[in-house]
């Protein structure tokens with residue numbers, strides 16, 4: 037609906053895009069199930085541990101670790117911004133807000149990413165329609181938060197937690213995209229998951245024994261396994277392929293697919309209701325993100341000719 041075929045470059049890119057978008061629409065649903073029986077540090081720890089156990093042996097067998105560790109500061113920054121912070125914030129926020137609302141708030145990622153790549157030199161970010169998108173999207177967030185807080189349907193703190201997670205999600209792909217080409221993708225994912233596992237291990241040591249002693253349900257265990265194996269290990273491999281195909285800014289548009297999947301699962305399987313703020317804010321957030329994330333090559337060429345005096349023949 038929001039993506040031109042030409043923008044996505046190829047059928048491969050489109051398939052990858054839709055695959056990871058669908059997969060990353062499910063974590064909100066599985067988190068909502070897991071938090072019934074697990075504390076937040078336990079959920080994040082088990083998720084990254086399983087992902088690391090799946091991908092690290094593969095990365096080691098392919099000799100990727102040494103090359104990856106040469107870029108360890110960037111890998112650590114990616115891990116912190118993509119997993120350490122956001123996964124805690126999202127999981128904790130879902131104890132108060134619905135999974136569908138969590139998915140909606142994450143759709144702010146594209147216009148945050150568009151603003152950031154503009155600051156980093158992408159001239160298309162300063163196209164009038166891009167700026168309009170940033171304004172419209174921000175207005176949508178204000179409408180969502182303001183209406184539901186005023187009506188008593190929403191607590192502000194979890195909303196701020198989700199928006200903080202969105203900032204992390206916007207910055208992390210930019211970092212990943214700027215890593216040296218010799219740093220292997222699979223190595224980055226495997227090492228990142230391992231780093232996050234080590235970071236969360238002390239906190240999980242306090243919460244996990246208590247959670248296990250309480251005998252979590254089969255549904256909760258299944259949710260954690262899916263979060264680790266599918267939503268972490270598999271999804272990150274696909275997402276990095278998407279970034280290579282279409283860049284980090286447009287890759288962030290997967291949040292539209294995320295939202296659709298999260299809303300369907302939340303409404304039909306968790307009995308969640310859509311609030312007035314969601315109905316008002318959703319169109320504004322989606323429209324703003326779409327406008328802010330569009331690539332405008334003609335505008336870029338015009339700016340380059342003006343700023344750098346590139347001949348018209350170029």
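In the numbering used here, the protein residues as written are 37 to 350.
Cβ coordinates follow ideal geometry from the N, Cα and C atoms, glycine included.
If you're wondering where the values come from, they're calculated on a predicted model, not measured in any experiment.
The DSSP-derived three-state label of residue 107 is coil. At least 7 Å separates the beta-carbon of residue 131 from that of residue 225.
The straight-line gap separating the alpha-carbon atoms of residue 78 and residue 62 is approximately 19 Å. Between the alpha carbons of residue 58 and residue 105 lies a distance of about 31 Å. A contact between stretches requires three or more CB pairs, one per stretch, nearer than 8 Å, and the region 194-203 meets this requirement with the region 133-144.
When C-beta atoms of the region 218-238 are compared with those of the region 117-133, three or more pairs fall below 8 Å, so the two segments count as touching. Of all C-beta pairs linking the region 310-326 to the region 78-98, fewer than three are shorter than 8 Å, placing the two stretches out of contact.
In this structure, residue 268 and residue 83 form a Cβ contact; the two beta carbons are roughly 6 Å apart against a cut-off of 8 Å. In this chain, the alpha helix (DSSP H) harbouring residue 230 covers 221-249. For residue 131, the three-state secondary structure derived from DSSP is coil. By the Cβ neighbour-count rule, residue 128 is buried, with 16 or more other Cβ atoms within 10 Å of its own.
Collapsing the DSSP output to three states places residue 55 in a helix.
Collapsing the DSSP output to three states places residue 275 in a helix.
With respect to the 7 Å criterion, residue 294 and residue 139 are classified as neighbours on the basis of their beta carbons.
In terms of CA proximity to residue 113, 214 leads the group 214, 307, 282 and 253. Remark: C-beta atoms of residue 303 and residue 183 do not approach each other more closely than 7 Å. Residue 278 places its beta carbon less than 7 Å from that of residue 56.
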